[in-house]
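Okay, structure first, notes after.
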Amino acid sequence: MWAMHRLYGPLLFFAAALGPQPTWQLSLPSDPTYYAGVVEFMASENEGSAKASDSYSRMKAVIESNSTRDLDILIFPEYVLNDGSFRTYVPDPALNIAPCEIPNSEFFLTELSCLARSRQIYLVVNVIEKFFCGNDTSVVGRCETSGLNTYNTNVVFDRQGRVISRYRKTHLYRSEYYGENTLPQPQIATFTTDFGVTFGHFICFDMLYWAPAAVLVKELGITDIIYPTYWYDELPFLTAVQLQEGWSFANDINLLAANANHPSGENSGSGIYAGRLGRLTAVINEESTTILLTASVPKRAYLDSYVVPPVIQATFEPQMQTPRFTKLALQRDYNVDIFTTVLLSEDFTTTNETLCYDSEFCCHFQATRTAVAGNSSAYEAYRYRLAAYSGSRATHQRVDPAALKVCAVLACTNDQLYSCGHIFPANVSVANKYYFDVLNVSASFPLATRRVIMPTSVDGTMLPLPVHTYEWQEVESTNATAISISLTYPKLDILTFGIWGNYYTEVESNHNLDPVWQPAQSKNSGAAFVGDVGRLLAPLLLAAVIKLI
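Here the sequence shown is numbered in the working numbering, starting from 6 and rising by one per residue.
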């Protein structure tokens with residue numbers, strides 16, 4: 006069974022899968038909104054054909070359910086349908102082929118084409134694709150000795166089940182580099198719908214890089230992004246909804262994000278976001294489940310006439326204990342260990358400090374806290390550190406180098422820096438001994454052609470603070486942007502609060518495939534010999550691995 010969550014509604018309800026229903030209404034180009042759905046989809050434990058069969062049957066149940074009958078577009082996550090042992094051909098979008106009519110692909114792609122046509126819906130799925138490259142390297146760059154390349158690929162079907170767009174992932178994640186190929190240059194994938202919206206799309210880790218993600222938004226002006234992902238949640242800055250909402254906010258674009266659901270494996274967090282309007286709906290889970298999230302998404306061309314749904318903010322009541330996630334496995338950002346930090350006292354009620362990293366980048370912090378009434382002596386409580394960082398010694402989840410500028414207040418489980426980015430486990434009783442009633446973080450961020458600067462926050466339930474509970478200000482000057490983020494509503498259980506800037510370094514890792522050795526001083530240098538052997542053998546070893554897959 007699976008659940009469906011709509012807009013701001015706090016309740017999830019289970020819906021039985023129904024047979025195909027006629028679409029009640031299709032959005033028109035003149036409509037100010039379109040109706041979208043994203044599926045947080047429970048990952049299958051199976052492999053090969055068993056995984057594809059299981060995943061397809063559960064996708065079919067969602068697509069044919071009554072809950073999708075009004076949707077214009079529906080998105081499933083990355084890597085949940087098939088794997089490298091059961092790849093499929095994907096038609097070239099230029100051929101305008103519906104696999105339902107020309108079944109030259111694996112069964113699940115053909116069936117999904119038929120479902121898109123039957124339900125009259127734009128459908129986006131992610132597959133492991135096999136592509137016959139022969140000896141032609143002019144487009145693919147490298148062709149495996151088997152003649153077949155493997156890609157992590159988004160496939161877009163239109164309402165007639167035709168493949169109208171295909172995107173092959175550019176920035177692979179960890180072990181993907183051993184079994185999948187990438188194109189020589191990032192692919193820029195877009196498609197235009199009959200309801201008047203042009204979408205761009207990319208996959209998972211691509212979000213942290215200039216191309217294709219920022220290129221779509223900054224250079225092509227795309228305002229609506231589709232984002233299948235298998236995201237690994239990481240504190241304190243890169244939990245899934247935290248990153249998705251921050252990226253959408255920073256770029257002021259609509260983002261439709263579908264994540265895989267495997268909480269014990271660090272995977273959960275999906276949503277639909279409307280830029281500076283914040284999240285229309287989002288969820289992150291501790292339990293394994295499949296959830297359909299839907300929302301009426303404002304078209305950017307009609308934003309001036311869009312009426313924002315009213316938000317009823319409850320009266321703040323200090324509570325010693327609030328809900329917190331402990332069963333969602335999390336990574337920790339080890340970049341924090343090289344930040345400049347200051348530990349605040351356990352019982353601090355006010356602070357006003359400036360903290361600089363290498364004297365070149367300074368963050369300003371103001372905070373006041375009020376004690377929560379009650380006896381909390383038997384409980385643990387988070388300590389807080391102020392943190393500043395600027396430079397390129399960082400990485401994106403230990404995969405590629407990163408050029409970051411960060412100002413943040415971080416929760417820690419004790420007074421040691423290594424505890425920041427960790428949470429208290431379920432067997433520890435935790436209390437909110439204080440709440441923040443004032444919290445402001447600000448800094449001057451240098452101008453750059455390639456950068457994205459976003460609010461970053463997360464609380465005990467691994468959700469970012471809603472946009473109506475903080476104020477974000479940007480003031481441009483000749484060489485920099487002065488940015489501040491300030492609480493506008495008291496908050497109890499803050500784990501992260503601040504500003505996260507990504508300056509898009511062009512340096513990438515070799516991903517353990519083909520080490521780059523320093524030039525030798527002489528032809529007899531041992532390092533030069535090992536380097537030559539490494540460059541010769543690495544492609545052969547990679548080809549052998551892919552062939553086995």
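Ideal placement from N, C-alpha and C gives every residue a C-beta, glycine not left out.
If you draw a 10 Å sphere on the C-beta of R390, you find 16 or more other C-beta atoms in it, and that means buried. The Cβ-Cβ distance between L415 and K496 does not fall below 9 Å.
Contact between A399 and L360 is absent: CB atoms are separated by about 17 Å, not below the 8 Å threshold.
Just measuring C-alpha positions, the residue of I458, E479, S60, I490 sitting nearest H473 is I490.
Rounded to the nearest whole angstrom, the C-alpha separation of V168 and Q326 is 50 Å. For Q478, the secondary structure class from DSSP, reduced to helix, strand or coil, is strand. In this structure, K438 and V377 form a Cβ contact; the two beta carbons are roughly 6 Å apart against a cut-off of 8 Å. One Cα belongs to N159, the other to I231, and the distance between them is close to 10 Å. For N256, the enclosing alpha helix (DSSP H) begins and ends at 245-256. For L349, the secondary structure class from DSSP, reduced to helix, strand or coil, is coil. In terms of CA proximity to V341, C412 leads the group L221, C412, V433. By the neighbour-count criterion, in which 16 or more other beta carbons inside 10 Å mark a residue as buried, G503 falls on the buried side.
The count of Cβ pairs closer than 8 Å, one atom from the stretch 275-285 and one from the stretch 297-308, reaches three, so the stretches are in contact. For D88, the secondary structure class from DSSP, reduced to helix, strand or coil, is coil. Burial is judged here by how many other beta carbons sit within 10 angstroms of a residue's own beta carbon; F137 has fewer than 16 and is exposed. Here the alpha carbons of S482 and P96 stand approximately 49 Å from one another.
Per the DSSP secondary-structure output, Q421 pairs with nothing in a beta bridge. If you look at L79, you'll find it in the beta strand (DSSP E) that goes 78-80. For R374, the uninterrupted beta strand (DSSP E) run begins and ends at 366-376, by DSSP.
Residue environment analysis places P104 among the buried positions, since at least 16 neighbouring C-beta atoms fall within 10 angstroms of its C-beta. Look at I343 here: in three-state DSSP terms it is helix. Around the beta carbon of L128, a 10 Å sphere encloses 16 or more other beta carbons of the protein chains shown; the residue is thus reported as buried.
Secondary structure note for R122: its alpha helix (DSSP H) is the uninterrupted segment 112-124. Looking only at T228, K223, E271, A219, the smallest Cα-Cα distance to V246 is reached by E271. Assigned with DSSP and collapsed to three states, E149 falls in coil, not helix or strand.
Looking at the DSSP output, I277 sits in a beta bridge with L261, T286. Here A448 is bridged, per DSSP, to C368, I488. Using a 10 angstroms sphere on the CB of S170, the tally of other CB atoms reaches 16 or more, which defines it as buried. For R329, there is no enclosing beta strand (DSSP E), as DSSP gives it neither H nor E.
A distance below 9 Å separates the beta carbons of T198 and I78.
If you draw a straight line from the Cα of L261 to the Cα of S447, it is about 29 Å long. Membership of V435 in any alpha helix (DSSP H) is not indicated, and neither H nor E is assigned to it by DSSP. Contact check between the stretch 39-47 and the stretch 296-303: three or more CB pairs, one atom from each, fall below 8 Å, which counts as touching.
Taking all protein chains in view, the Cβ of Q249 is crowded by 16 or more other Cβ atoms within 10 Å, so the residue is classified as buried. For A57, the enclosing alpha helix (DSSP H) stretches over residues 53-68. In the DSSP annotation of this structure, E45 is not part of any alpha helix (DSSP H); the continuous beta strand (DSSP E) holding it starts and ends at 38-47.
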